[in-house]
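This report concerns only the one structure given below.
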Amino acid sequence: MQHRMKRMFGFVFMSIFILSLIACGNADENESKEEALKETKKETIEINHELGKTVLEKAPEKIVVLEFSYTDALMTLDVQPVGVADDDDPKLFMDKVRDQLKEYTSIGSRYEPNIEMISSLQPDLIIADLNHHKDIYDQLNKIAPTIVLDDHQADYNQMLDNYLVIAKALGKEEEGKQRLEEHHQKIEEAKQKIGETTLTVLPAVTNPKGFFAHSDHSYTGSFLLNIGFDDPVKSEDSYPQLGLEQLVETNPQAIFLLPATEETIVDEWGKNPLWQEIDAVQNNKVFTVERRDWALSRGLLGSEKMIEDIVKHLGDQ
Amino acid sequence: MNKIIFTFSCLLMMIFSLLSLSVGAVSISIPDLWYSLLQKDTSFSFIVWEYRLPRVVISILSGFGLAVSGVILQSLVRNPLASPDVIGLTKGAGFFAALVIFLFPSSPSYVLPAAALTGAFLVFILLLLLSKRLTLSPDAFALVGIAIGAVFQSGIQYLLVKYPADINMTLLWLSGSLWGRGWSEVFSLLPWILILLPVAWWQYPKLNVFQLGDEYSQTLGLDIIRQRFWLLLLSVSLAGVSVASVGSIGFIGLIAPHIARKLVGGRHQLLIPLAAIIGANLMLIGDSIGRIIIVPREVPVGIMTAIIGAPYFVYLLRREHKRKG
Chain A
1 MQHRMKRMFG FVFMSIFILS LIACGNADEN ESKEEALKET KKETIEINHE
51 LGKTVLEKAP EKIVVLEFSY TDALMTLDVQ PVGVADDDDP KLFMDKVRDQ
101 LKEYTSIGSR YEPNIEMISS LQPDLIIADL NHHKDIYDQL NKIAPTIVLD
151 DHQADYNQML DNYLVIAKAL GKEEEGKQRL EEHHQKIEEA KQKIGETTLT
201 VLPAVTNPKG FFAHSDHSYT GSFLLNIGFD DPVKSEDSYP QLGLEQLVET
251 NPQAIFLLPA TEETIVDEWG KNPLWQEIDA VQNNKVFTVE RRDWALSRGL
301 LGSEKMIEDI VKHLGDQ
Chain B
1 MNKIIFTFSC LLMMIFSLLS LSVGAVSISI PDLWYSLLQK DTSFSFIVWE
51 YRLPRVVISI LSGFGLAVSG VILQSLVRNP LASPDVIGLT KGAGFFAALV
101 IFLFPSSPSY VLPAAALTGA FLVFILLLLL SKRLTLSPDA FALVGIAIGA
151 VFQSGIQYLL VKYPADINMT LLWLSGSLWG RGWSEVFSLL PWILILLPVA
201 WWQYPKLNVF QLGDEYSQTL GLDIIRQRFW LLLLSVSLAG VSVASVGSIG
251 FIGLIAPHIA RKLVGGRHQL LIPLAAIIGA NLMLIGDSIG RIIIVPREVP
301 VGIMTAIIGA PYFVYLLRRE HKRKG
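Respectively, the protein sequence lines represent chains A and B. Counted from 1, the first sequence has number 90 at position 90 by full-length UniProt numbering; the numbering is strictly sequential. Counted from 1, the second sequence has number 273 at position 273 by full-length UniProt numbering; the numbering is strictly sequential.
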């Protein structure tokens with residue numbers, strides 16, 4: 001029996017040993033790749049991103065994007081993508097993007113984009129998200145140079161940084177800077193129109209199951225904070241779910257509802273006397289806006305539409 | 001007869017592998033496939049070599065692992081319903097994977113499988129502690145496993161409720177997916193299966209005896225407590241490494257041993273290899289179908305194997321019922 005025990009321990013150690021060898025082997029490979037990249041010549045586009053450095057020989061022409069915000073960025077720079085991970089539902093694009101977007105191939109879900117289809121499009125640049133696509137970075141890189149940005153968790157300011165990275169990758173750095181300047185101007189002008197920003201404003205995605213507030217850690221919340229509004233939730237989470245009683249407790253002075261479905265939990269809450277207790281309801285400041293504009297198209301066009309909506313609803317009358 | 005069954009299932013594995021290489025969002029004809037396999041620079045080379053081939057290998061390896069883990073558990077617990085899923089292994093792995101996805105979303109990509117493996121072994125340790133070091137009867141042991149699984153399951157549910165805005169990634173992992181699995185996953189799974197599978201096969205005399213019941217086993221000179229420990233560890237390792245690389249697919253571990261048992265009976269020298277091949281076949285065909293029915297999206301392989309396997313399972317239960325009743 002003792003002999004057998006020894007054998008068992010033996011194989012456990014062996015397997016751990018083999019695994020660690022493999023892990024080391026992989027690490028070496030990555031390093032040598034990076035070194036190889038450094039040696040390339042000038043006149044190339046060099047992009048630092050979340051998972052390293054990517055060098056492009058020339059401005060890419062066939063681009064695959066794996067997030068809505070990247071499509072937003074491409075539209076502002078007048079570049080057409082060949083493939084977009086649009087969750088197989090073109091209705092999720094904001095109107096302005098959809099109008100400008102010409103023919104593209106849907107490569108499926110943003111969470112599991114179809115890698116075979118990406119490969120068959122033969123792109124020369126892929127723009128991916130850190131959270132969703134870090135596991136397939138190696139595979140994507142074998143198809144085409146891939147840059148990985150942290151979009152999913154980005155707030156408004158990080159989005160602006162990401163925008164410049166994308167512009168640079170497309171070989172349109174100057175145009176990107178110009179467009180960004182224009183964006184800041186638009187925001188400033190809109191801010192003038194809004195005037196006082198003393199209200200606490202709560203954006204929230206709603207569906208039949210719940211009311212999901214977007215706190216100042218979220219993209220939409222951080223944008224409102226940037227304009228000068230106050231976040232009433234003060235949560236650690238980006239998207240805390242609130243019950244009606246919590247919402248009354250939070251007591252926002254204005255609410256922007258971003259319904260994900262036609263019927264939502266708010267239809268139910270409207271009948272509850274508690275609903276009337278909320279300042280926003282009493283002041284008639286509950287507005288419904290498009291989720292695709294406010295929460296999906298996290299880019300310059302999306303945020304410009306957002307502030308347009310805010311001017312419309314909360315601007316100086 | 002057994003020879004025919006083995007030849008046929010191996011043949012099926014080859015056919016399914018070829019099928020898996022040729023179908024998908026981009027379909028590749030057999031001549032093109034052959035050409036791409038031989039030469040590395042055709043237009044399909046990436047899809048065949050970098051995308052589908054590692055998937056095929058992982059399907060086979062994880063199918064082996066899950067099925068053999070199920071065989072061992074079913075004989076150990078002497079309960080046809082036992083599987084890595086039922087005694088909580090996949091739930092433990094799932095809970096840890098979900099923790100990583102929700103709490104450390106930006107962690108490097110090797111953290112998730114490592115966490116899942118840790119979860120599976122934590123369940124193993126809990127099983128040992130709560131079953132009084134395996135001295136409980138097999139039925140009680142199975143119930144302890146179910147209880148542990150329930151606790152981890154509620155943990156997963158809690159996370160899903162707590163972070164409702166970001167559950168897609170977790171749901172995909174929990175249902176078991178081969179999407180995006182590449183050679184690095186193959187090389188972290190291969191050594192384990194290569195070592196554990198022969199070790200499992202060598203245990204066949206003990207497993208044959210175990211099936212007879214504790215008293216017989218003891219009379220035949222088996223130190224049942226100690227053997228239970230090693231066999232359980234073996235089963236947990238096989239399921240753990242498989243689940244770490246493909247997500248918590250529970251159904252293969254339940255269904256593949258049953259199909260094999262129907263075909264070659266309960267002798268483990270035949271049962272173990274046949275169950276392994278059937279497990280691989282289920283994974284291969286599940287993945288192939290899952291890739292083509294809602295292009296450009298994919299149906300996770302865990303869901304497809306359940307859709308294919310469940311009708312058979314019901315049939316099996318009905319037959320069992322008829323025989324007894």
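Glycine included, every Cβ here is placed at the ideal spot set by N, Cα and C. Everything numeric in this text was worked out from a predicted model, so none of it was measured.
>> Please give me, in chain order, every unbroken run of the alpha helix (DSSP H) with length at least 4 that falls completely inside the segment 281-306 of chain B.
In response: When DSSP assignments are scanned along the segment 281-306 of chain B, no uninterrupted stretch of alpha helix (DSSP H) that is 4 or more residues long falls wholly within it.
> Listed from N- to C-terminal order along the chain, which residues in the segment 108-125 of chain A have their beta-carbon within a distance smaller than 7 angstroms of any beta-carbon of chain B?
Replying inline: Gly108, Ser109, Tyr111, Glu112, Asn114, Ile115, Glu116, Met117, Ser119 and Ser120
>> Using C-beta distances below 7 angstroms, list every residue in its chain close to Leu18(B), excluding the 5 sequence neighbours before and after it, in chain order.
In response: Taking the first residue of the second sequence as position 1, residue 18(B) is located at position 18. Same-chain partners within the cutoff: there are none.
> From Phe152(B) to Ser131(B), what does the alpha carbon distance come to, in whole angstroms?
Replying inline: Within the second sequence, numbered from 1, the residue matching residue 152(B) stands at position 152. Within the second sequence, numbered from 1, the residue matching residue 131(B) stands at position 131. Approximately 17 angstroms, taken between the alpha carbons.
> Using a C-beta to C-beta distance shorter than 8 angstroms, which residues of chain B count as neighbours of Gln139(A)?
Replying inline: Counted from its first residue, the first sequence places residue 139(A) at position 139. Simply Glu50, Tyr51, Gly180 and Gly182.
> How far does the alpha helix (DSSP H) with Asn2(B) in it reach, from first residue to last?
Replying inline: Looking up residue 2(B) in the second sequence gives position 2. Per DSSP, Asn2(B) belongs to the alpha helix (DSSP H) from Asn2 to Ser22.
>> Rounded to whole angstroms, what is the Cα-Cα separation between Val97(A) and Asp150(A)?
In response: For the purposes of this step, residue 97(A) is taken as residue 97 along the first sequence, with counting starting at 1. For the purposes of this step, residue 150(A) is taken as residue 150 along the first sequence, with counting starting at 1. Looking at the two C-alpha atoms, the distance is approximately 21 angstroms.
>> Once the 5 residues before and after Glu31(A) are set aside, which same chain residues still bring their CB inside 7 angstroms of it?
In response: Translated into positions along the first sequence, residue 31(A) becomes position 31. Here the model assigns Glu31(A) a pLDDT of 48, short of 50, so the residue's position is not dependable and the matter cannot be decided.
> What are the start and end residues of the beta strand (DSSP E) that includes Ala213(A)?
Replying inline: Residue numbering aside, residue 213(A) sits at position 213 when the first sequence is read from its first letter. Here the beta strand (DSSP E) through Ala213(A) covers Phe211 to Ala213.
> Could you give the distance in angstroms between the alpha-carbon of Ser288(B) and the alpha-carbon of Lys262(B)?
Replying inline: Counting from one through the second sequence, the residue named residue 288(B) turns up at place 288. Counting from one through the second sequence, the residue named residue 262(B) turns up at place 262. Whole-angstrom Cα-Cα distance: 25 angstroms.
>> Runs of 3 residues minimum, wholly inside the segment 92-163 of chain A: which ones carry the beta strand (DSSP E) assignment?
In response: Within the segment 92-163 of chain A, the complete beta strand (DSSP E) runs of at least 3 residues are 125-129 and 146-149.
> According to DSSP, is Lys49(A) helix, strand or coil?
Replying inline: Within the first sequence, residue 49(A) is the residue found at index 49, counting from 1. With the sequence shown as reference, residue 49(A) is identified as His, and Lys is not the correct amino acid for it. Strand at His49(A).
> Can a CB atom of chain B be found closer than 8 angstroms to the CB of Gly270(A)?
Replying inline: For the purposes of this step, residue 270(A) is taken as the residue at position 270 of the first sequence. Not one chain B Cβ lies under 8 angstroms of Gly270(A).
> Do you know how far the Cα of Gly221(A) is from the Cα of Pro84(B)?
Replying inline: Residue 84(B) sits at position 84 when you count from the first residue of the second sequence. Residue 221(A) sits at position 221 when you count from the first residue of the first sequence. Distance between the alpha carbons of Pro84(B) and Gly221(A) is about 43 angstroms.
>> Strictly below 8 angstroms CB to CB, what residues from chain B border Lys142(A)?
In response: Walking along the first sequence from the start, residue 142(A) turns up at place 142. Here the neighbours are Phe46 and Glu50.
> For the putative contact between Asn162(A) and Ala154(A), defined by C-beta atoms under 8 angstroms, what is the C-beta separation to the nearest angstrom?
Replying inline: Counted from its first residue, the first sequence places residue 162(A) at position 162. Counted from its first residue, the first sequence places residue 154(A) at position 154. Asn162(A) to Ala154(A), Cβ: 6 angstroms. Contact.
>> At the level of alpha carbons, what is the spacing between Val79(A) and Gln178(A)?
In response: Locating residue 79(A) in the first sequence gives position 79, where the first residue counts as 1. Locating residue 178(A) in the first sequence gives position 178, where the first residue counts as 1. When rounded, the distance between both Cα atoms is 15 angstroms.
> Of all the residues that make up the segment 297-321 of chain B, which are near chain A by a beta-carbon distance shorter than 7 angstroms?
Replying inline: Arg297 and Glu298
>> Going by DSSP in three states, Ala204(A) sits in which element: helix, strand or coil?
In response: The residue you call residue 204(A) lines up with position 204 of the first sequence. The answer is strand: DSSP assigns Ala204(A) an E or B state.
> According to DSSP, is Phe256(A) helix, strand or coil?
Replying inline: Along the first sequence, read from residue 1 onward, the residue named residue 256(A) stands at position 256. Note: Phe256(A) maps to strand in three-state DSSP.
> Closest Cβ-Cβ distance between Met169(B) and chain A: below 8 angstroms?
Replying inline: For the purposes of this step, residue 169(B) is identified with residue 169 of the second sequence, where counting begins at 1. So, interface residue.
> Beta-carbon separation of Ser245(B) and Pro113(B) under 8 angstroms?
Replying inline: Taking the first residue of the second sequence as 1, we reach residue 245(B) at position 245. Taking the first residue of the second sequence as 1, we reach residue 113(B) at position 113. Contact annotation: Ser245(B) and Pro113(B) have beta-carbon atoms nearer than 8 angstroms.
> Ordered along the chain, which non-local residues of its own chain (more than five positions away) have a Cβ less than 6 angstroms from that of Gly299(A)?
Replying inline: Counting from one through the first sequence, the residue named residue 299(A) turns up at place 299. Taken in chain order, the residues that qualify are Ser69, Asp72 and Ala73.
> Between Leu197(B) and Ile58(B), which are expected to be in contact by the criterion C-beta below 8 angstroms, what is the C-beta distance as a whole number of angstroms?
Replying inline: The residue labelled residue 197(B) in the question sits at position 197 within the second sequence. The residue labelled residue 58(B) in the question sits at position 58 within the second sequence. 15 angstroms between Cβ atoms; not a contact.
>> Looking only at its chain, what residues have a beta carbon closer than 7 angstroms to the beta carbon of His49(A), apart from the 5 residues adjacent to it on each side?
In response: Locating residue 49(A) in the first sequence gives position 49, counting from the first residue. Excluding sequence positions up to five before and after His49(A), its CB lies within less than 7 angstroms of the CB of Ile147, Val148, Leu149 and Val165, all in the same chain and listed in chain order.
>> I need the straight-line Cα distance from Leu143(B) to Ile87(B), nearest angstrom please.
In response: Locating residue 143(B) in the second sequence gives position 143, where the first residue counts as 1. Locating residue 87(B) in the second sequence gives position 87, where the first residue counts as 1. About 8 angstroms.
>> Quick test of the definition: if touching needs 3 or more C-beta pairs under 8 angstroms, does the segment 253-260 of chain B touch the segment 218-226 of chain B?
In response: With a cut-off of 8 angstroms, the segment 218-226 of chain B and the segment 253-260 of chain B do not count as touching, because too few Cβ pairs lie within range.
> Which residue comes first and which comes last in the beta strand (DSSP E) that contains Thr288(A)?
Replying inline: Counted from its first residue, the first sequence places residue 288(A) at position 288. Per DSSP, Thr288(A) belongs to the beta strand (DSSP E) from Val286 to Thr288.
> Interface residues of chain B around Gln153(A) at Cβ under 8 angstroms?
Replying inline: Counted from its first residue, the first sequence places residue 153(A) at position 153. Going along chain B in sequence order, the residues near Gln153(A) (Cβ under 8 angstroms) are Pro105 and Ser106.
>> Looking only at its chain, what residues have a beta carbon closer than 7 angstroms to the beta carbon of Ala67(B), apart from the 5 residues adjacent to it on each side?
In response: Along the second sequence, one-based indexing puts residue 67(B) at 67. Around Ala67(B): Ile252, Gly253, Ala256, Pro257, Ala275, Ala276, Ile278 and Gly279.
>> In whole angstroms, give me the CA-to-CA distance for Leu172(B) and Thr305(B).
In response: Here residue 172(B) refers to the residue found at position 172 when the second sequence is read from its first residue. Here residue 305(B) refers to the residue found at position 305 when the second sequence is read from its first residue. One C-alpha to the other measures close to 14 angstroms.
> Mind listing which residues of the segment 11-27 of chain B have their C-beta closer than 8 angstroms to chain A's C-betas, in chain order?
Replying inline: Gly24, Ala25 and Val26
>> Please report the straight-line C-alpha distance between Lys58(A) and Ile118(A), rounded to a whole angstrom.
In response: Numbered from 1 along the first sequence, position 58 holds the residue referred to as residue 58(A). Numbered from 1 along the first sequence, position 118 holds the residue referred to as residue 118(A). Computed Cα separation, rounded: 20 angstroms.
> Looking only at its own chain, which residues have a Cβ that is under 8 angstroms from the Cβ of Lys168(A), when we skip the five neighbours before and after it?
Replying inline: Within the first sequence, residue 168(A) is the residue found at index 168, counting from 1. Contacts found: Ile45, Ile47 and Gly176.
>> Using only CA atoms, which one of Asp124(A), Arg291(A), Asp279(A) and Leu242(A) lies nearest to Thr261(A)?
In response: Counted from its first residue, the first sequence places residue 261(A) at position 261. The closest CA to that of Thr261(A), considering only Asp124(A), Arg291(A), Asp279(A) and Leu242(A), is found on Arg291(A).
>> Given this structure, state the Cα-to-Cα distance separating Lys285(A) from Ser297(A), to the nearest angstrom.
In response: The residue labelled residue 285(A) in the question sits at position 285 within the first sequence. The residue labelled residue 297(A) in the question sits at position 297 within the first sequence. Taking the straight line from one Cα to the other gives about 24 angstroms.
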